[in-house]
Amino acid sequence: MTKARGKQATAGGDAHAAALAYAARGWSVIPIEPRGKRPLLPWLEFQQRLAAADEIEGWFRRWPDANVGLVTGRVSGLVVVDVDPRHGGQASLERLRDEHGPLPRTVEAETGGGGRHLYFAYPGALVHNRVGILPGIDLRADGGCVVAPPSRHPSGRRYRWAEGSSPDDLPLAALPAWLLPAADVDGPRGHPLAHWRELVRGDVAEGRRNNTLASLAGHLLWHGVDPPVVLDRAGGGEHHAAARARPRRVSRPCIGKLPASGPCSRES
């Protein structure tokens, strides 16, 4: 796809054409529910690979009114700062400017809900997806996604690229180094270490196997373990009590759906 065609596609109102243009740019795309934020299919594999053009065509034949999502992180080379003014995001952004200076000019989208998505180049090292690094500011990186222009918000408004700040107008700026500590600090784990030891070493009762595997896999994914490793351990780890107790076919669909359990972004 030529640059001119790509610019026209991403600036217009056709999510199908935009998805193909984003994929041609090397960004991992997924279909999102119409006027919504939830992925329409399990998308763990698209954190590792780009969808082929025929896959994208098939999605939009099946869901012609779908929105388009971009998988953030290493696979797309993207980190997105998600600013939600309704939860104090603009004030938090001003606080960051006061402390560190202005953010570099970069690709920017205006969300259908009145927020902003600031797109930065992925820095190379693992960047965890983090909600609430400051009030109203999330960081969408490995394990995350965002709804992209020209998707339609539940309000009916479209996402659009800010004037002069589309990916055809600007290169991605480098992610400011001072954002990385906030992104990589582990949040509350929710369970003590003994809980995870029990899952790995203890016996798992019949009827709890899928929930046990999903809980353990979610913990590993949250802390940056590569998804293929998580799938391998959940699907065939002979030393794991839950893995020994059930066939591979039980856990893999369960684990594969984990990243699709929530919306791509809080505001969007």
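In terms of this note's numbering, the sequence shown opens at residue 5 and continues consecutively.
Beta carbons are placed, not taken as given, at the ideal position from N, Cα and C, and that holds for glycine.
The structure presented is a predicted model; accordingly, all values stated were derived computationally and were not measured.
Inspect the CB distances between the region 38-52 and the region 87-95 and report whether three or more fall short of 8 Å. no
Test item: CB-CB of Ala-181 and Pro-108 under 8 Å: Position 177 of the sequence shown, counted from the start, is the residue given in the question as residue 181. Position 104 of the sequence shown, counted from the start, is the residue given in the question as residue 108. Against a cut-off of 8 Å, the Cβ pair of Pro-108 and Ala-181 comes out as no contact.
Minimum C-alpha distance to Gly-73 - residue among Leu-174, Ser-96, Val-87, Arg-39: Along the sequence shown, one-based indexing puts residue 73 at 69. The shortest C-alpha to C-alpha distance from Gly-73 to any of Leu-174, Ser-96, Val-87, Arg-39 is the one to Arg-39.
Helix, strand or coil at Ala-95 according to DSSP, with G and I counted as helix: Here residue 95 refers to the residue found at position 91 of the sequence shown. The answer is helix: DSSP assigns Ala-95 an H, G or I state.
Exposed or buried, Glu-167, counting other C-beta atoms within 10 Å across all chains shown (16 or more means buried)? For this step, residue 167 is matched to residue 163 along the sequence shown. By the 10 Å Cβ count, Glu-167 comes out exposed.
Since Asp-146 contacts Gly-77 with CB under 8 Å, what's their CB separation in whole angstroms? Stepping through the sequence shown from its first residue, residue 146 is reached at position 142. Stepping through the sequence shown from its first residue, residue 77 is reached at position 73. Sure, about 4 Å apart at Cβ, within 8 Å.
Do Ala-22 and Arg-57 have their beta-carbon atoms positioned less than 8 Å apart in this structure? Along the sequence shown, one-based indexing puts residue 57 at 53. Along the sequence shown, one-based indexing puts residue 22 at 18. Here residue 57 turns out to be Ala, not Arg, going by the sequence shown. For Ala-57 and Ala-22, no; Cβs fall outside 8 Å.
Rounded to whole angstroms, what is the Cα-Cα separation between Glu-115 and Leu-143? Taking the sequence shown and counting its residues from 1, the one referred to as residue 115 is at position 111. Taking the sequence shown and counting its residues from 1, the one referred to as residue 143 is at position 139. According to the sequence shown, residue 115 is Thr rather than Glu. Going from the Cα of Thr-115 to the Cα of Leu-143 covers about 15 Å.
What residue ranges within the region 110-192 form continuous alpha helix (DSSP H) runs of no fewer than 4 residues, ordered along the chain? List check, alpha helix (DSSP H) in window: 184-188.
Of the residues Gly-81, Val-83, Ala-113, Arg-120, the one placed nearest Leu-97, counting alpha carbons only: Here residue 97 refers to the residue found at position 93 of the sequence shown. When each option's Cα is compared against that of Leu-97, the closest is Arg-120.
In the DSSP assignment, find the unbroken alpha helix (DSSP H) run with Gly-4 in it and report its ends. Missing from the structure shown is residue 4; the chain here goes from 5 to 272 and no further.
Outcome for Glu-242 when other beta-carbon atoms lying within 10 angstroms are tallied against a minimum of 16: As a position in the sequence shown, residue 242 is number 238, starting the count at 1. Unreliable placement is indicated for Glu-242, whose pLDDT of 40 sits below 50; no coordinate value is reported for it.
Straight-line Cα distance separating Arg-161 from Asn-126: For the purposes of this step, residue 126 is taken as the residue at position 122 of the sequence shown. For the purposes of this step, residue 161 is taken as the residue at position 157 of the sequence shown. The identity of residue 126 in the sequence shown is Tyr, whereas the question assumes Asn. So the alpha carbons of these two residues sit roughly 29 Å apart.
Using the Cα positions of Val-84 and Pro-267, report the straight-line distance between them to the nearest angstrom. The residue labelled residue 84 in the question sits at position 80 within the sequence shown. The residue labelled residue 267 in the question sits at position 263 within the sequence shown. Spanning the two alpha carbons is a distance of roughly 15 Å.
What does DSSP give as the partner residues of Ser-32 in its beta bridges? As a working mapping, residue 32 is identified with position 28 in the sequence shown. Partner(s): Val-75.
DSSP state of Asp-4 mapped onto helix, strand, coil: Outside the displayed span of the chain (5 to 272) sits residue 4, for which this structure offers no information.
Quick one: what's got a C-beta closer than 8 Å to Phe-64's C-beta in the same chain, skipping five residues either side? Stepping through the sequence shown from its first residue, residue 64 is reached at position 60. Hits under 8 Å: Ala-19, His-20, Ala-23, Pro-35, Ala-70.
Let me check one thing: in DSSP terms, what residues is Pro-43 bridge-paired to? In the sequence shown, residue 43 corresponds to position 39, counting from 1. Per DSSP, Ile-36.
Within this structure, are the beta carbons of Arg-29 and Ala-113 separated by less than 8 Å? For the purposes of this step, residue 29 is taken as the residue at position 25 of the sequence shown. For the purposes of this step, residue 113 is taken as the residue at position 109 of the sequence shown. The answer is no: Cβ separation not under 8 Å.
Within the continuous beta strand (DSSP E) that includes Leu-82, where are the two ends? Taking the sequence shown and counting its residues from 1, the one referred to as residue 82 is at position 78. That run of the beta strand (DSSP E) goes 82-87.
Rounded to a whole number of angstroms, what is the C-alpha to C-alpha distance between Glu-59 and Ser-32? What you label residue 59 is simply residue 55 of the sequence shown in a count that begins at 1. What you label residue 32 is simply residue 28 of the sequence shown in a count that begins at 1. Each residue's alpha carbon lies about 12 Å from the other.
Taking the straight line between their C-alpha atoms, what separation do you get for Asp-102 and Pro-175? The count along the sequence shown starts at 1 and reaches residue 102 at position 98. The count along the sequence shown starts at 1 and reaches residue 175 at position 171. Near 25 Å, if we compare the C-alpha coordinates of Pro-175 and Asp-102.
Pull up the CB-CB distance for Gly-100 and Thr-110, whole angstroms please, since I reckon it's below 8 Å. In the sequence shown, residue 100 corresponds to position 96, counting from 1. In the sequence shown, residue 110 corresponds to position 106, counting from 1. The amino acid occupying residue 100 in the given sequence is Leu; Gly does not appear at that position. That belief does not hold up - the Cβ atoms of Leu-100 and Thr-110 are roughly 14 Å apart, past 8 Å.
Assign Pro-158 to one of two classes, buried (16 or more other C-beta atoms within 10 Å of its C-beta) or exposed (fewer than that). Translated into the one-based positions of the sequence shown, residue 158 becomes position 154. Exposed, since its Cβ has fewer than 16 Cβ neighbours within 10 Å.
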